[in-house]
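According to our numbering, the sequence shown holds residues 88 to 755 in order.
Positions of the beta carbon are idealized from the N, C-alpha and C atoms, including for glycine.
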Amino acid sequence: MGLSIKGLTVSFLTGGHLVRAVDGVSLEIRNGSCLALVGESGSGKTTIGIACMGLLPSNAILDGIMELDGTPLDYSVQETARKIRWRRISMVFQSGAASLNPVKPVLDQVAEPMAVTLGSGWKEARRVAARAMELMGLGPDLHQRFPHELSGGQAQRVLLAMATILDPQVMILDEPTANLDVVTKAFVGELIGEAKKRGKALLLVGHDLDFVVRWADEVAVMYLGQTMEFLPAGRLLTSPWHPYSWALVRSYPSMRCNRDLGGIRGDALQRVTHQHGRNNPSAYFHSHDQAHGVGGGTSHAPEAGCLFWPRCTQALGACREGSVELTMQGNFGVRCLRGGVVELLRLKEVSKRYGETQALHPTDLGVRAGEVLCLVGETGSGKTTLAMIAAGVLRPDGGARLLDGRDMDETLQEDRAALARQVGIVYQDPASSVSHRFTVEEILAEPMKIHRAFPQEGIRDGVEDLLRKVHLPWDERFMALYPHELSQGTMQRVCLARALALRPKLLVADEPTSSLDPSAQAKVIRLLMELQIEEGLTLLFVTHDIGLARKIGDRLAVMLAGRIVELGPAATLLALPLHPYTQMLIRRAEDDVQERPMGQGSASPQGCAFAPRCKWAEERCLLESPPNLHLEDGDRTVRCFRFFDKGSESSMPRDSSGDLRGKVGNWS
88 MGLSIKGLTV
98 SFLTGGHLVR
108 AVDGVSLEIR
118 NGSCLALVGE
128 SGSGKTTIGI
138 ACMGLLPSNA
148 ILDGIMELDG
158 TPLDYSVQET
168 ARKIRWRRIS
178 MVFQSGAASL
188 NPVKPVLDQV
198 AEPMAVTLGS
208 GWKEARRVAA
218 RAMELMGLGP
228 DLHQRFPHEL
238 SGGQAQRVLL
248 AMATILDPQV
258 MILDEPTANL
268 DVVTKAFVGE
278 LIGEAKKRGK
288 ALLLVGHDLD
298 FVVRWADEVA
308 VMYLGQTMEF
318 LPAGRLLTSP
328 WHPYSWALVR
338 SYPSMRCNRD
348 LGGIRGDALQ
358 RVTHQHGRNN
368 PSAYFHSHDQ
378 AHGVGGGTSH
388 APEAGCLFWP
398 RCTQALGACR
408 EGSVELTMQG
418 NFGVRCLRGG
428 VVELLRLKEV
438 SKRYGETQAL
448 HPTDLGVRAG
458 EVLCLVGETG
468 SGKTTLAMIA
478 AGVLRPDGGA
488 RLLDGRDMDE
498 TLQEDRAALA
508 RQVGIVYQDP
518 ASSVSHRFTV
528 EEILAEPMKI
538 HRAFPQEGIR
548 DGVEDLLRKV
558 HLPWDERFMA
568 LYPHELSQGT
578 MQRVCLARAL
588 ALRPKLLVAD
598 EPTSSLDPSA
608 QAKVIRLLME
618 LQIEEGLTLL
628 FVTHDIGLAR
638 KIGDRLAVML
648 AGRIVELGPA
658 ATLLALPLHP
668 YTQMLIRRAE
678 DDVQERPMGQ
688 GSASPQGCAF
698 APRCKWAEER
708 CLLESPPNLH
718 LEDGDRTVRC
728 FRFFDKGSES
738 SMPRDSSGDL
748 RGKVGNWS
């Protein structure tokens with residue numbers, strides 16, 4: 088058994104308002120396991136822990152059931168509370184030294200739960216406390232020190248000694264690794280592992296997602312007091328399902344991470360229930376739920392629907408209405424009207440031929456809402472062809488295209504303008520992608536006029552707003568300039584602003600910085616990523632620069648001779664590339680290694696295009712094209728015969744423990 092929480096709701100009364108910190112949360116922390124709570128500050132994680140300890144302040148209103156091994160937790164009677172707190176449930180509070188009594192030696196503070204709760208004499212309690220501190224690596228020289236005389240790591244170990252002195256069944260760890268060095272973090276992690284082996288139930292509250300994945304068994308992702316997702320800890324960094332979980336992972340600085348931090352657009356503050364007539368039952372009484380930032384800033388907002396919708400990249404109108412329930416399936420659960428992260432764009436077996444040249448072989452590709460997917464590869468690999476098919480500029484010879492669930496070709500036939508409003512394009516050469524007879528103002532106003540995105544009198548304001556978004560002047564002088572009067576970097580910003588004029592969901596950028604100098608390139612890329620977050624854009628980015636893709640991509644699709652030969656999360660793909668061609672691209676980017684040019688070799692048109700340059704090539708590689716292999720460890724695919732035969736497992740990349748990375752799944 089363990090600690091069970093059912094329908095826990097905690098609100099704090101402040102004046103005429105109730106701040107709802109926890110909203111109907113249900114958790115099961117089983118003996119011998121660790122459940123982690125993650126989420127932004129203010130999501131209710133610490134409040135849950137404090138509620139389990141029975142330490143909520145007097146202005147708190149609590150509802151729900153908490154049980155320990157099937158027995159309800161009752162803190163209403165002081166004697167009962169003393170039998171539970173520290174003896175059966177203990178807590179390591181946040182902020183280390185700030186949680187300790189500043190005027191009391193730390194040995195006495197560690198001994199206090201035993202001396203006060205059990206009624207043991209102070210002499211015996213200090214003896215046991217000294218032993219508990221020794222187990223935490225704190226020697227006798229620290230016993231009489233005060234909290235301000237300790238380092239952050241030492242203060243954290245004092246709290247751990249205090250929490251474990253009575254050997255409780257349940258331990259709540261609130262940010263136990265905050266502000267700690269990596270050595271002390273490892274020590275805390277080992278304590279968690281040892282406690283699980285001894286059958287303890289642990290509730291871990293944390294922002295350190297690497298630590299959570301390493302030591303927790305399950306994770307509950309919290310947002311504004313609600314549980315947004317349940318999933319096994321090992322899936323948190325690789326394949327979270329809720330849009331909030333995915334955005335949270337993008338914001339986390341992991342050692343596995345190559346890309347710049349993404350962040351989440353907007354802010355989440357708190358939920359407020361405003362009540363009238365609270366002290367006068369005969370008076371008018373009603374309440375309104377409101378997440379700050381929802382409902383136009385008024386204190387009288389209706390039910391907010393999904394609390395994450397104002398910041399979500401895939402929200403629908405229906406997401407604003409009613410409530411969204413947490414749907415569980417096995418040990419997975421998600422609170423999302425759309426069932427989790429959805430694909431904004433899906434390409435199915437799309438292909439393109441120019442005369443005798445097969446520019447794009449039948450290709451499948453999905454682009455998720457809100458992500459940055461980079462297409463990388465050598466010149467002539469089919470990147471631009473695939474991107475222009477995705478943008479609706481090129482018509483494929485075969486296959487299907489779905490944009491937000493609707494057939495793109497049907498949209499093109501019925502309402503081409505509707506597709507233009509959903510997809511923006513930034514071309515490789517900014518100078519040739521606009522008319523040189525137009526001023527900056529006319530370039531930006533043109534799509535608004537054609538698609539009637541603004542009333543005539545509002546177009547000028549729309550142009551000024553676009554220029555502000557891309558950090559360009561919006562005065563009369565600048566808007567009257569022509570393209571030849573602008574630098575390449577400034578012109579590319581104008582083109583980016585034009586692509587955003589109709590507020591598209593999908594932005595296709597075809598090598599938008601290849602013609603810019605490094606300084607201008609860096610400025611445009613920073614701007615593009617800022618807009619991607621703030622506008623909630625889905626970005627399909629074409630580049631031959633794998634170093635640039637490393638910095639901006641959530642996922643990479645590596646293309647060779649009209650095929651995607653490898654696809655996966657950027658961090659894992661670049662750390663452990665599977666396809667020999669991907670490995671060559673990375674070597675070339677890192678060391679400027681000279682490889683044999685594409686034309687050498689004698690592979691047939693049906694063979695692997697990389698076979699003539701591959702040291703692993705076999706005869707069949709020259710004659711057959713490898714099928715697309717989906718790997719079991721998540722979101723990765725590869726086209727290579729090396730991963731088909733068990734006999735070639737020795738050549739597969741392995742992690743530091745020797746486990747195979749990328750075990751064989753099913754063929755498609």
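Exposure of residue i, with buried meaning 16 or more beta-carbon neighbours within 10 Å
i: S332; result: buried
i: E653; result: buried
i: D228; result: exposed
i: R580; result: buried
i: F731; result: exposed
i: I152; result: exposed
i: M415; result: exposed
i: Q619; result: buried
i: S91; result: buried
i: S98; result: buried
i: Q241; result: buried
Spatial distance of residue i from residue j (CA atoms)
i: K272; j: A250; result: 17 Å
i: C582; j: A282; result: 58 Å
i: G312; j: T133; result: 10 Å
i: P144; j: A477; result: 55 Å
i: P409; j: C393; result: It should be noted that the sequence gives Gly, not Pro, for residue 409. Going from the Cα of G409 to the Cα of C393 covers about 8 Å.
i: A288; j: F274; result: 18 Å
i: T314; j: K638; result: 31 Å
i: V411; j: C727; result: 43 Å
i: E154; j: S207; result: 27 Å
i: L614; j: L335; result: 21 Å
i: P255; j: Y162; result: 17 Å
i: K776; j: K702; result: Here the chain comprises residues numbered 88 to 755, so residue 776 is not present and cannot be evaluated.
i: M88; j: H104; result: 37 Å
i: A567; j: R107; result: 52 Å
i: V611; j: G353; result: 22 Å
i: E211; j: M220; result: 14 Å
i: S574; j: L531; result: 17 Å
i: T325; j: E277; result: 23 Å
i: P200; j: V306; result: 30 Å
i: L142; j: E262; result: 17 Å
i: G321; j: V300; result: 6 Å
i: R707; j: G694; result: 8 Å
i: E529; j: P599; result: 21 Å
i: G426; j: L413; result: 10 Å
i: L237; j: A147; result: 33 Å
i: I135; j: V257; result: 14 Å
Cβ-Cβ distance between residue i and residue j below 9 Å
i: L260; j: G293; result: yes
i: R488; j: A540; result: no
i: L225; j: A248; result: yes
i: G485; j: S438; result: yes
i: L114; j: L290; result: yes
i: R650; j: T450; result: yes
i: T101; j: V109; result: no
i: C461; j: R642; result: yes
i: P189; j: H235; result: yes
i: L452; j: L473; result: yes
i: D297; j: S120; result: no
i: F697; j: H717; result: no
i: P534; j: R585; result: yes
i: L593; j: V510; result: yes
i: W209; j: A198; result: yes
Range of the contiguous beta strand (DSSP E) that encloses residue i
i: I259; result: 257-261
i: R488; result: 485-490
i: S91; result: 89-101
i: A307; result: 305-310
i: C695; result: Element bounds for C695: n/a, residue is neither H nor E.
i: Y331; result: Element bounds for Y331: not the beta strand (DSSP E) but the alpha helix (DSSP H), 330-337.
i: Q416; result: 414-416
Heavy atom of the ligand NAP within 8 Å of residue i beta-carbon
i: V109; result: With respect to the ligand NAP, the structure shown offers nothing to examine, as it has no ligands at all.
Bounding residues of the alpha helix (DSSP H) (the contiguous stretch that carries residue i)
i: A446; result: Careful: A446 lies outside any alpha helix (DSSP H), inside the beta strand (DSSP E) at 444-455.
i: T471; result: 470-478
Problem set entry | In chain order, each alpha helix (DSSP H) run of at least 4 residues that lies wholly inside the region 590-677 | 605-621, 633-639, 657-662
Exercise. What alpha helix (DSSP H) runs, 4 residues minimum, are completely inside the region 103-181?
Worked result: Runs found: 132-140, 165-171.
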